[in-house]
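Asks:
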Amino acid sequence: MKNIFILLFSVFFLFSCKENEAPKNEKKALNESIFLLDSKWENQDAKHLQLRDLKGKNLVMVMIFTSCKTACPLLVSDMKKIAKKIDADKLKETTMVMVSIDPENDTPEVLKQYAAQNKISGEPWLFLRSDKESVRELANVLAVKYKKISPIVFSHSNIITVFNKEGEMVKQAEGTVNADEVAQAVNQL
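Numbering (full-length UniProt numbering), first residue to last: 1 to 189.
1) Give every residue of the same chain whose Cβ lies closer than 7 Å to the Cβ of lysine 80, excluding the five residues on either side of it in the sequence, and list them in chain order.
2) Along the chain, where does the beta strand (DSSP E) that runs through serine 134 open and close?
3) Counting beta carbon pairs with one atom in the stretch 131-149 and one in the stretch 158-172, are three or more of them shorter than 8 Å?
4) Look up isoleucine 160 in the DSSP assignment and give the residues it is bridged to.
5) When you compare only the Cα positions, how much space is there between threonine 107 and valine 97?
6) Quick check: what's the CA-CA separation for tyrosine 114 versus leucine 51?
7) Please state whether DSSP places asparagine 43 in a helix, a strand or coil.
8) Would DSSP call serine 100 helix, strand or coil?
9) Could you compute how far the alpha carbon of asparagine 25 sits from the alpha carbon of glutamate 93?
10) What distance in whole Å lies between the Cβ atoms of arginine 129 and leucine 111, which are believed to be in contact at a cut-off of 8 Å?
11) Looking at the secondary structure, which residues open and close the beta strand (DSSP E) in which glutamine 50 lies?
12) For residue 192, tell me which candidate among Phe127, Lys132, Ile149, Pro103 has the shortest Cα-Cα distance.
13) Confirm, please, whether the CB-CB distance from proline 124 to leucine 74 is below 8 Å.
14) Report, in whole angstroms, the separation of the C-beta atoms of asparagine 187 and aspartate 87, which I expect to be a contact under 8 Å.
15) Which one or two residues does DSSP pair with glycine 127 in a beta bridge?
16) Per DSSP, which one or two residues make a beta bridge with serine 33?
17) My understanding is that isoleucine 64 touches serine 100, with C-beta atoms under 8 Å, so please give their C-beta distance in whole angstroms.
18) Which of helix, strand or coil does DSSP assign to isoleucine 149?
19) Can you have a look at glycine 167 and say buried or exposed, based on whether 16 or more other CB atoms are within 10 angstroms of its CB?
20) Whose C-beta lies closer than 6 Å to the C-beta of valine 177 among residues of the same chain, with five residues either side of it excluded?
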């Protein structure tokens, strides 16, 4: 009888350990998600949202500012090239996100006008702005460094980041971006 009790206890113990493994793995994956950031954002239509509201779509994200005359136009061009190279069915599952590092000047109206001028309005394009602290927090997650040089000029990193539908980073491209490689990363999601 004692042996049966020990055997039952051992089986119960083994099964209870296995059941606890899955939540640990899920928790690990969730700890690496951009959707854990609880900052508040505003889009080009003045709609308020959080990053977790983007869950369920792949994200291709870049940080820019609309008054930039040097690197940002190149980043926007890269984002347009990437969007063109993403398979049509994958593009429906993807949001191309432009995040402003200049929330003081990049109001929703300015962002909307910028989108129209650059012919990147509507799906799959999304422009976001937030308070300085939230922008800095996201920049740190993306490894984007930026510094305000004057009231309308910033020095900043040129990094495009791809996230899967769960908000996990799957690729980053810095400097001169190979649109084919970035699009391929999205197409493989």
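All C-beta atoms in this analysis are idealised placements derived from N, C-alpha and C, irrespective of residue type, glycine included.
Model, not experiment: these values are computed from the prediction.
Replies: This is what the structure gives:
1) Here residue 80 refers to the residue found at position 80 of the sequence shown. Answer for lysine 80: Ile120, listed in chain order.
2) Walking along the sequence shown from the start, residue 134 turns up at place 134. Looking at the DSSP string, serine 134 is not in any beta strand (DSSP E); the run it does join, the alpha helix (DSSP H), is 132-142.
3) Counting Cβ pairs under 8 Å, three or more are found: they touch.
4) To locate residue 160, count along the sequence shown from 1; it is residue 160. BP columns for isoleucine 160 point to Val62, Ala173.
5) Here residue 107 corresponds to residue number 107 of the sequence shown, with the count starting at 1. Here residue 97 corresponds to residue number 97 of the sequence shown, with the count starting at 1. One C-alpha to the other measures close to 16 Å.
6) In the sequence shown, counting from the first residue as 1, residue 114 sits at position 114. In the sequence shown, counting from the first residue as 1, residue 51 sits at position 51. Their backbone Cα atoms lie some 21 Å apart in a straight line.
7) Locating residue 43 in the sequence shown gives position 43, counting from the first residue. Here DSSP, grouped into helix, strand and coil, assigns asparagine 43 to strand.
8) Locating residue 100 in the sequence shown gives position 100, where the first residue counts as 1. DSSP places serine 100 in strand when its eight states are reduced to three.
9) Taking the sequence shown and counting its residues from 1, one reaches residue 25 at position 25. Taking the sequence shown and counting its residues from 1, one reaches residue 93 at position 93. Reliability of the predicted coordinates at asparagine 25 is poor, the pLDDT of 41 falling under 50, and no value is obtained from them.
10) On the sequence shown, position 111 is the one that residue 111 refers to. On the sequence shown, position 129 is the one that residue 129 refers to. About 7 Å; that satisfies the 8 Å criterion.
11) Here residue 50 is taken as the residue at index 50 of the sequence shown, counted from 1. Counting along the chain, the beta strand (DSSP E) containing glutamine 50 begins and ends at 48-50.
12) This structure does not reach residue 192, given that the chain is present from 1 up to 189, and the question cannot be answered.
13) Taking the first residue of the sequence shown as 1, we reach residue 74 at position 74. Taking the first residue of the sequence shown as 1, we reach residue 124 at position 124. No, the pair does not count as a contact, with Cβ atoms beyond the cut-off.
14) Within the sequence shown, residue 187 is the residue found at index 187, counting from 1. Within the sequence shown, residue 87 is the residue found at index 87, counting from 1. Their Cβ separation, rounded to whole angstroms, is 5 Å, which keeps asparagine 187 and aspartate 87 in contact under 8 Å.
15) Walking along the sequence shown from the start, residue 127 turns up at place 127. According to the sequence shown, residue 127 is phenylalanine rather than glycine. Its beta-bridge partners are Met98.
16) Translated into the one-based positions of the sequence shown, residue 33 becomes position 33. Glu168, per the DSSP bridge assignment.
17) Your numbering for residue 64 matches position 64 in the sequence shown. Your numbering for residue 100 matches position 100 in the sequence shown. With a Cβ gap of about 7 Å, isoleucine 64 and serine 100 count as contacting.
18) To locate residue 149, count along the sequence shown from 1; it is residue 149. DSSP places isoleucine 149 in strand when its eight states are reduced to three.
19) Position 167 of the sequence shown holds residue 167. Its Cβ being crowded by 16 or more others within 10 Å, glycine 167 is buried.
20) Here residue 177 corresponds to residue number 177 of the sequence shown, with the count starting at 1. Here the set comprises Asp78, Ile160.
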